[in-house]
Amino acid sequence: MKLANRIEQLPPYLFVEISKKINEKRAQGIDVITFAIGDPDLPTPDRILDVLHAASDEPANHRYPESEGLPELRQAVADWYGSRFGVTLDRDTEVLPLIGAKEGIGHMALCLIDPGDIALVPDPAYPVYSIGTMFAGGETHWLPLEEENGWLPDLGAIPEDVARKAKVIWVNYPNNPTGAVADIGFYNELVAFAKKYDIAVCHDAPYSEIAYDGYRPVSLLEAKDAMDVGIEFHSLSKSYNMTGWRVGMAVGNAGLINALMRVKSNLDSGIPQAVQLMAIEALRGSQDCVAENVAVYQRRRDKLVAALTKIGMSVVPPQASLYVWARIPEGYTSADYAAKLIEEAAVVVTPGSGYGKYGEGYVRLSLTLPDDQVEEGARRIAELAS
Ligand SMILES: Cc1ncc(COP(=O)(O)O)c(C=O)c1O
6 MKLANRIEQL
16 PPYLFVEISK
26 KINEKRAQGI
36 DVITFAIGDP
46 DLPTPDRILD
56 VLHAASDEPA
66 NHRYPESEGL
76 PELRQAVADW
86 YGSRFGVTLD
96 RDTEVLPLIG
106 AKEGIGHMAL
116 CLIDPGDIAL
126 VPDPAYPVYS
136 IGTMFAGGET
146 HWLPLEEENG
156 WLPDLGAIPE
166 DVARKAKVIW
176 VNYPNNPTGA
186 VADIGFYNEL
196 VAFAKKYDIA
206 VCHDAPYSEI
216 AYDGYRPVSL
226 LEAKDAMDVG
236 IEFHSLSKSY
246 NMTGWRVGMA
256 VGNAGLINAL
266 MRVKSNLDSG
276 IPQAVQLMAI
286 EALRGSQDCV
296 AENVAVYQRR
306 RDKLVAALTK
316 IGMSVVPPQA
326 SLYVWARIPE
336 GYTSADYAAK
346 LIEEAAVVVT
356 PGSGYGKYGE
366 GYVRLSLTLP
376 DDQVEEGARR
386 IAELAS
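Residues in the sequence shown are numbered consecutively from 6, following our numbering.
Next comes the structure, spelled out in structure tokens:
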């Protein structure tokens with residue numbers, strides 16, 4: 006049996022490989038500390054679980070949901086965007102609930118890319134932007150993100166012929182893996198660029214609520230004319246510790262939302278209705294739980310940054326996101342350094358090169374593990390360095 010070429014072209018999913026390594030070590034009885042995946046260790050808040058418990062007894066929630074989501078959920082999303090970002094959205098045309106942001110991002114490529122089309126994708130980046138492009142038969146033109154540019158793409162460096170052929174530009178702030186943030190000036194420039202070349206802007210923003218020291222990330226949709234060309238992907242995964250429930254949303258330009266809805270309605274049957282009710286509760290109820298999460302991550306960030314700095318690693322404390330992005334010591338590739346940490350210290354970090362060639366020289370450490378493990382992990386890294 007011959008599989009499709011797109012399967013042959015797929016690189017192994019980074020975290021599947023890392024999980025395999027962790028399982029091997031644990032099977033040998035080794036106490037592994039993992040800073041790898043950004044999956045909150047904190048539980049979903051009780052007020053959200055209470056809704057699930059009640060909803061599970063209701064037969065209406067045992068049936069197929071509607072692909073486009075409950076109107077009450079779309080309204081809750083619109084209201085949340087209004088209060089959080091001052092952005093007005095029409096729940097019927099500008100909001101689409103998703104089975105997590107990842108699914109929406111992957112399917113978006115099918116809306117924008119025909120075979121041979123170009124997508125502008127940052128490097129380093131969450132892999133799904135370029136994989137979705139490949140699945141749709143398109144080509145990725147990489148936009149280097151570098152420390153000296155604050156990990157923002159240099160739009161002026163995109164060759165004119167590439168910009169003319171491109172169909173979409175992907176961006177993600179607060180950024181995974183670098184922890185960088187973008188301000189409204191950047192989004193204004195991005196929208197102006199997209200309008201000039203008549204391309205879509207897809208902004209992936211699942212970390213907008215995980216920000217430190219009082220910093221408040223902005224939405225792409227706050228930028229001038231963003232609704233003409235932009236769509237923003239968002240998620241309840243990180244803000245409300247709901248990675249396992251799979252719920253997120255796309256918001257923005259009505260034409261883009263409608264295209265995504267048409268793709269999705271042919272491929273999936275929507276979010277389980279009980280989970281949609283959880284999402285309504287998450288967005289409409291008290292937001293204290295988000296502030297409590299952020300306080301926990303900020304404490305862990307401070308511990309980890311202090312420990313890594315102490316051993317001479319160059320680390321900028323992230324203003325947002327769940328990640329510390331650390332420059333590795335000279336003389337290693339990021340894959341070699343990550344391998345050394347797991348082999349010699351049973352500490353798992355993600356090599357920056359797993360996010361693209363411009364991630365080389367860095368490793369990513371996630372803050373989603375208990376404080377005592379953050380301390381123990383930092384201690385082991387320090388011991389190895391000494
Ligand atoms: C940048 C980025 N986008 C999207 C996602 C996926 O989020 P969700 O759980 O909503 O699918 C992640 C998850 O880690 C992410 O880091």
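Idealized CB from N, CA, C, for every residue including glycine. Just so it is clear, the structure is predicted and the values come from calculations on it, not from any experiment.
So residue i packs on residue j, CB below 8 angstroms; how close in whole Å?
i, j, result
"residue 238", "residue 209", "5 angstroms"
"residue 75", "residue 378", "Incorrect: roughly 38 angstroms between the Cβ atoms, too far for contact."
"residue 53", "residue 197", "Between residue 197 and residue 53 the Cβ distance is about 39 angstroms, and since that is not below 8 angstroms, they are no contact."
"residue 253", "residue 109", "6 angstroms"
"residue 72", "residue 275", "5 angstroms"
"residue 126", "residue 148", "7 angstroms"
"residue 285", "residue 65", "Going by Cβ atoms, the distance from residue 285 to residue 65 rounds to 15 angstroms, so no, they are not a contact pair."
"residue 367", "residue 128", "Actually they do not touch by this definition, with Cβ atoms about 12 angstroms apart."
"residue 200", "residue 230", "6 angstroms"
"residue 349", "residue 357", "Contact doesn't hold; Cβ gap of about 19 angstroms is too wide."
"residue 374", "residue 49", "No, residue 374 and residue 49 are not in contact; Cβ-Cβ is about 17 angstroms, not under 8 angstroms."
"residue 325", "residue 245", "With a Cβ gap of about 16 angstroms, residue 325 and residue 245 do not count as contacting."
"residue 57", "residue 283", "5 angstroms"
"residue 232", "residue 249", "That belief does not hold up - the Cβ atoms of residue 232 and residue 249 are roughly 32 angstroms apart, past 8 angstroms."
"residue 309", "residue 241", "Their Cβ separation, rounded to whole angstroms, is 25 angstroms, which puts residue 309 and residue 241 out of contact at 8 angstroms."
"residue 123", "residue 172", "7 angstroms"
"residue 306", "residue 329", "6 angstroms"
Could you give the distance in angstroms between the alpha-carbon of residue i and the alpha-carbon of residue j?
i, j, result
"residue 183", "residue 55", "35 angstroms"
"residue 263", "residue 161", "31 angstroms"
"residue 219", "residue 323", "12 angstroms"
"residue 347", "residue 354", "8 angstroms"
"residue 30", "residue 382", "15 angstroms"
"residue 112", "residue 103", "10 angstroms"
"residue 178", "residue 380", "27 angstroms"
"residue 235", "residue 36", "45 angstroms"
"residue 206", "residue 215", "22 angstroms"
"residue 265", "residue 174", "16 angstroms"
"residue 59", "residue 88", "28 angstroms"
"residue 251", "residue 280", "8 angstroms"
"residue 11", "residue 140", "6 angstroms"
"residue 117", "residue 130", "19 angstroms"
"residue 99", "residue 227", "14 angstroms"
"residue 142", "residue 121", "6 angstroms"
"residue 344", "residue 144", "31 angstroms"
"residue 393", "residue 32", "Because residue 393 is not part of the residues shown, which for the chain are 6 to 391, the question remains open."
"residue 301", "residue 9", "45 angstroms"
"residue 334", "residue 16", "27 angstroms"
"residue 304", "residue 338", "29 angstroms"
"residue 298", "residue 312", "21 angstroms"
"residue 45", "residue 180", "17 angstroms"
"residue 106", "residue 261", "15 angstroms"
"residue 224", "residue 159", "20 angstroms"
"residue 319", "residue 340", "17 angstroms"
"residue 86", "residue 389", "46 angstroms"
"residue 62", "residue 51", "17 angstroms"
"residue 376", "residue 314", "18 angstroms"
"residue 101", "residue 165", "33 angstroms"
"residue 79", "residue 272", "20 angstroms"
"residue 317", "residue 189", "34 angstroms"
"residue 94", "residue 168", "29 angstroms"
"residue 176", "residue 96", "24 angstroms"
Between residue i and ligand 1, is there a pair consisting of the residue's CB and a ligand heavy atom that are separated by less than 7 angstroms?
i, result
"residue 253", "yes"
"residue 107", "yes"
"residue 27", "no"
"residue 242", "yes"
"residue 298", "no"
"residue 43", "yes"
"residue 211", "yes"
"residue 131", "yes"
"residue 110", "yes"
"residue 177", "yes"
"residue 355", "no"
"residue 248", "yes"
"residue 181", "yes"
Measuring only between beta-carbons, confirm whether residue i sits less than 8 angstroms from chain D.
i, result
"residue 26", "In the structure shown, chain D does not exist; there is a single protein chain."
Length-filtered (4 minimum) alpha helix (DSSP H) runs lying within the segment 18-75: With a minimum length of 4 residues, the continuous alpha helix (DSSP H) runs that stay inside the segment 18-75 are 19-32 and 51-61.
Could you name each continuous beta strand (DSSP E) segment of 3 residues or more that falls completely within the segment 316-390, going from the start of the chain to the end? Listed in chain order, the complete beta strand (DSSP E) runs (minimum 3 residues) inside the segment 316-390 are 328-332 and 367-371.
Write down every uninterrupted run of the alpha helix (DSSP H) in the segment 154-238 whose length is 4 residues or greater and which is fully enclosed by it, in chain order. The segment 154-238 contains these whole alpha helix (DSSP H) runs: 165-170, 189-202 and 231-234.
In the segment 106-131, which residue ranges form an unbroken alpha helix (DSSP H) of at least 4 residues, counting only runs that do not cross its ends? Entirely contained in the segment 106-131, the alpha helix (DSSP H) runs reaching 4 residues are, in chain order, 106-117.
Go through the segment 232-288 residue by residue and report every complete run of the beta strand (DSSP E) that reaches 3 residues or more, in order. With a minimum length of 3 residues, the continuous beta strand (DSSP E) runs that stay inside the segment 232-288 are 235-240 and 253-257.
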